[in-house]
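*Asks:* Before I ask anything, let me first share the structure, which is written out below as structure tokens.
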Ligand code: SF4
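Take a look at the structure:
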């Protein structure tokens with residue numbers, strides 16, 4: 104076992120814990136039992152996962168509340184959006200929703216696209232898996248295809264509905280070089296199954312009956328959701344030498360994590376991101392904090408800062 108693996112496993116043990124779910128938008132998915140409700144809520148929570156976590160959780164709760172005013176469940180809401188009559192009822196309730204760059208109208212359009220995926224494929228999982236070959240090394244090209252489908256539906260079939268430029272912020276594609284953090288996080292929730300990740304697109308899910316024959320999302324195909332926290336700490340650990348946190352950096356970090364767990368490289372993601380979200384790892388070197396960190400022995404940044412301190416001291 105490598106040193107990196109030993110210390111990452113230690114970090115995983117300490118931070119990959121259900122009691123820390125309250126610091127993550129994934130917690131909303133655990134409030135629902137029905138897999139279609141979970142698919143809607145996971146998509147909502149993932150696409151809004153930019154900004155600080157308190158703001159994200161407030162916005163997800165706000166959107167779910169607005170949906171509950173006109174429908175009995177998130178999945179019912181999405182199904183009913185196929186009807187123009189229901190859209191006219193739902194639209195005023197979503198007016199006033201705002202999450203940084205996005206507004207309520209963006210969510211209505213997102214849910215209409217989801218509704219069409221359900222209508223055509225049975226679930227979003229089935230739609231995504233229709234693009235993912237069982238022997239694909241990773242989810243990249245399937246994600247590009249899903250986003251491309253949704254963009255073309257947005258401009259053709261759904262063109263009669265209002266849309267605005269802020270919506271495009273919700274649909275990111277590896278094709279354009281983006282690390283697609285929110286979509287990779289959503290896919291991690293779909294492709295991993297444990298006490299945190301619901302694994303809705305794995306073979307044991309209740310959605311599996313909608314999937315194309317022999318298809319499921321496998322943990323080894325996932326790509327790390329690279330955000331400001333995981334990106335910075337990945338750089339500290341030497342998992343990527345790239346300054347820009349783009350798709351290539353996400354592939355590089357995932358490959359490096361495969362040296363620690365070839366079948367499930369993103370299992371470390373929740374734990375690594377807790378270091379940033381819970382403000383355990385701050386942006387400057389702090390001896391008193393770093394000394395208690397599980398990653399101290401493998402953190403190149405803390406070593407270099409420590410050396411500098413010693414030289415100057
Ligand atoms: S050792 Fe310090 S700088 Fe390195 S990851 Fe831990 S808290 Fe962050």
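In the numbering used here, the protein residues as written are 104 to 416. Note that CB positions come from ideal geometry on N, CA and C, so glycine has one too.
1. So is the beta-carbon of residue 338 under 8 Å away from any non-hydrogen atom of the ligand SF4?
2. What is the residue span of the alpha helix (DSSP H) that residue 249 lies within?
3. Since I believe residue 349 is in contact with residue 272 (beta carbons under 8 Å), could you give me their beta-carbon distance rounded to a whole number of angstroms?
4. Between which two residues does the alpha helix (DSSP H) harbouring residue 162 extend?
5. Should residue 191 go down as buried or exposed, given a rule of 16 or more other Cβ atoms within 10 Å for buried?
6. Residue 201: buried (16+ other C-beta within 10 angstroms of its C-beta) or exposed?
7. Which word fits residue 369, buried or exposed, when buried means at least 16 other C-beta atoms lie within 10 angstroms of its C-beta?
8. In terms of residue numbering, what span does the alpha helix (DSSP H) encompassing residue 275 cover?
9. So the candidates are 222, 278, 356; which of them puts its Cα closest to the Cα of residue 246?
10. What does the Cβ neighbour count give for residue 70, buried or exposed, with the cut at 16 atoms within 10 Å?
11. As a quick exercise: from 210, 165, 327, pick the residue whose alpha carbon is nearest that of residue 257.
12. Please indicate yes or no: does the CB of residue 383 lie closer than 8 Å to some heavy atom of the ligand SF4?
13. Does the structure place the region 380-387 close enough to the region 354-367 that three or more beta carbon pairs sit under 8 Å?
14. Is it buried or exposed, residue 390, if we count other Cβ atoms within 10 angstroms and call 16 or more buried?
15. Reducing DSSP to helix, strand and coil, say where residue 327 ends up.
16. Taking the alpha carbon of residue 114 as the reference point, which residue from 363, 407, 129, 248 has its own alpha carbon closest?
17. Spatial neighbours of residue 299 within its chain, please: CB distance less than 7 Å, with the 5 preceding and 5 following residues excluded, ordered by chain position.
18. Considering only their Cβ atoms, is the gap separating residue 151 from residue 132 smaller than 9 Å?
19. What I want to know is whether the C-beta of residue 109 ends up closer than 8 Å to one or more non-hydrogen atoms of the ligand SF4.
20. Once the 5 residues before and after residue 184 are set aside, which same chain residues still bring their CB inside 8 Å of it?
21. For residue 134 and residue 329, I'd like the C-alpha separation in whole angstroms.
*Replies:* In short:
1. No.
2. Element bounds for residue 249: 243-258.
3. With a beta-carbon spacing of about 16 Å, residue 272 and residue 349 fall beyond the 8 Å limit used to define contacts.
4. In the DSSP assignment, residue 162 falls within the alpha helix (DSSP H) that extends over 156-171.
5. Using a 10 angstroms sphere on the CB of residue 191, the tally of other CB atoms stays under 16, which defines it as exposed.
6. Within a 10 Å sphere around the beta-carbon of residue 201 sit fewer than 16 other beta-carbons, which makes this residue exposed.
7. Of the residues assessed, residue 369 falls on the buried side of the cut-off, its CB having 16 or more other CB atoms within 10 angstroms.
8. That residue, residue 275, is in no alpha helix (DSSP H); it is neither H nor E in DSSP.
9. The option with the nearest alpha carbon to residue 246 is 278.
10. Past the edges of the chain, shown from 104 to 416, lies residue 70, and the structure says nothing about it.
11. When each option's Cα is compared against that of residue 257, the closest is 210.
12. Yes; taking the cut-off as 8 Å, the Cβ of residue 383 has a heavy atom of the ligand SF4 nearer than that.
13. As far as the Cβ criterion goes, the region 354-367 does not touch the region 380-387, which means the pair count is below three.
14. Only exposed fits residue 390, as fewer than 16 other CB atoms lie within 10 angstroms of its CB.
15. In this structure, DSSP gives residue 327 a state outside helix and strand, which the three-state scheme calls coil.
16. The residue with the shortest Cα to Cα distance from residue 114 is 363.
17. Around residue 299: 119, 121, 124, 129, 373.
18. No. Outside cutoff.
19. At a threshold of 8 Å, residue 109 does not count as near the ligand SF4, since its beta carbon sits no closer than that to any of the ligand's heavy atoms.
20. Contacts found: 190, 193, 211, 214, 215, 218.
21. Each residue's Cα considered, the two are about 26 Å apart.
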